[in-house]
Amino acid sequence: RKEVEQDPGPFNVPEGATVAFNCTYSNSASQSFFWYRQDCRKEPKLLMSVYSSGNEDGRFTAQLNRASQYISLLIRDSKLSDSATYLCVVNREDSNYQLIWGAGTKLIIKP
Amino acid sequence: DGGITQSPKYLFRKEGQNVTLSCEQNLNHDAMYWYRQDPGQGLRLIYYSQIVNDFQKGDIAEGYSVSREKKESFPLTVTSAQKNPTAFYLCASSIGGRMNTEAFFGQGTRLTVV
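Residue numbers (our numbering), protein chains in the order written: chain A, 1279 to 1389; chain B, 834 to 947.
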């Protein structure tokens, strides 16, 4: 079992819809969590950090559930420009804070 | 502007050749990483370094080598021992050793064996 798992998708979603996807992690020593966005043939870029209390940035909401060991990303009022691959990243205290990456969820927003 | 720079953007290698990918950062970050990404796949860690003159193997280090002689630089050599080197290579840096540290990436190098 991979340490960080994501549904690879693709999620095909009509423009304007709300979409959510989860990421599960297996190591309880995981301390911090992030969502990155990667456009086709480009480098990943930080979308948002995920805080224990949850956090929101415009149309994007991230949640952390430590008991069930997953994080989630919700995108409201989706835009064509949201089409990308979303990578879940976990930072573990017991590995000198090495970043552990999920394989990503591909999102395609259709007009 | 602060950032992380990879070069070249595209690289072609003949069978049996060693090639070196450059990665330079001026963010004053302690930690640097090399990842490999294959089509439709996630990032796999090749090597990482938390401090100058020290580095550790990642999950797929075989056939690769690195050095960290300066804080700003973390070059990756793809040796002839790497049997399937065609991939997208990403270098990243972070403050390192702390929680909630963002990773910053270079634009990547696409290596193709011809």
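Yeah, the Cβ is synthetic: ideal placement off N, Cα and C, and Gly gets one too.
Note that this is a predicted model, so its numbers are computed, not measured.
If the cut is a Cβ gap below 9 Å, which residues of chain B does residue i touch?
i, result
"A:Leu-1365", "Gly-875, Leu-876"
State the beta-bridge partners of residue i as determined by DSSP.
i, result
"A:Arg-1337", "Paired residue(s): none; A:Arg-1337 is not in a bridge."
"A:Ser-1330", "Answer is none; A:Ser-1330 lacks a bridge partner."
"B:Arg-877", "B:Arg-869"
"A:Pro-1292", "A:Lys-1388"
"A:Glu-1283", "A:Thr-1302"
"A:Ile-1378", "A:Val-1368"
"B:Ile-928", "BP columns for B:Ile-928 are empty, so no partner."
"B:Ile-893", "B:Ile-893 is not bridged to any residue."
Give me the chain A residues within the contact set of residue i, using Cβ-Cβ distance strictly less than 7 Å, ordered along the chain.
i, result
"B:Ala-936", "Leu-1377"
"B:Leu-844", "Neighbours of B:Leu-844 on chain A: none; closest Cβ ~15 Å, over 7 Å."
"B:Leu-923", "Glu-1321"
Report the rounded CA-to-CA distance for residue i versus residue j, giving the unit in angstroms.
i, j, result
"A:Tyr-1348", "A:Thr-1363", "18 Å"
"A:Arg-1315", "A:Pro-1322", "5 Å"
"B:Ser-900", "B:Cys-924", "13 Å"
"B:Gln-956", "A:Leu-1358", "One cannot answer for residue 956 of chain B here, as it falls past the ends of chain B, which runs 834 to 947."
"A:Ser-1330", "A:Glu-1293", "30 Å"
"B:Glu-895", "B:Ala-914", "8 Å"
"B:Val-947", "A:Val-1328", "42 Å"
"A:Gly-1287", "A:Lys-1384", "5 Å"
"B:Phe-888", "A:Phe-1338", "36 Å"
"A:Asn-1343", "A:Cys-1318", "29 Å"
"A:Leu-1365", "B:Gly-873", "12 Å"
"A:Tyr-1303", "A:Trp-1313", "13 Å"
"B:Gly-875", "A:Ile-1378", "10 Å"
"A:Asn-1290", "A:Ala-1298", "12 Å"
"B:Lys-903", "B:Asn-886", "8 Å"
"B:Pro-841", "B:Lys-847", "16 Å"
"A:Asn-1395", "A:Val-1282", "Residue 1395 of chain A falls outside the range modelled here, since chain A spans only 1279 to 1389, and no answer is possible."
Could you tell me which chain B residues have their CB closer than 7 Å to the CB of residue i, listed as they occur along the chain?
i, result
"A:Gly-1382", "Gly-875"
"A:Leu-1324", "Glu-935"
For residue i, return the contacting residues in chain A, with the cut-off set at a CB-CB distance below 9 Å.
i, result
"B:Gly-941", "Arg-1319, Lys-1320, Glu-1321"
"B:Leu-860", "Within 9 Å Cβ-Cβ: nothing; B:Leu-860 doesn't reach chain A, min ~14 Å."
"B:Tyr-897", "Chain A residues near B:Tyr-897: none, gap ~17 Å exceeds 9 Å."
How about residue i and residue j: are their beta carbons less than 9 Å apart?
i, j, result
"B:Tyr-922", "B:Ile-884", "no"
"A:Ile-1386", "A:Ser-1361", "yes"
"B:Trp-867", "B:Gly-891", "yes"
"A:Ala-1381", "A:Gln-1284", "yes"
"B:Pro-908", "B:Leu-860", "no"
"B:Asp-863", "B:Gly-939", "no"
"B:Tyr-843", "B:Thr-945", "yes"
Which residues in the same chain have their Cβ closer than 7 Å to the Cβ of residue i, if we skip the five residues on either side of it in sequence?
i, result
"B:Arg-869", "Arg-877, Ile-879, Ile-893, Ala-920, Tyr-922"
"A:Pro-1389", "Glu-1293, Leu-1358"
"B:Gly-941", "Gln-839, Phe-921, Tyr-922, Leu-923"
Leaving out the 5 sequence neighbours to the left and right, which residues in its chain are closer than 6 Å to residue i when beta-carbon positions are compared?
i, result
"B:Glu-857", "Thr-838, Glu-905, Ser-906"
"A:Gly-1332", "Gln-1341"
"A:Ala-1307", "Arg-1370, Glu-1371, Asp-1372"
"B:Met-865", "Ser-882, Phe-907, Ser-926"
Residues of chain C with CB under 7 Å from residue i, in chain order?
i, result
"B:Leu-854", "The structure shown contains no chain C; the protein chains it does contain are A and B."
Going along chain A, which residues have a C-beta under 8 Å from residue i?
i, result
"B:Tyr-881", "Gln-1376"
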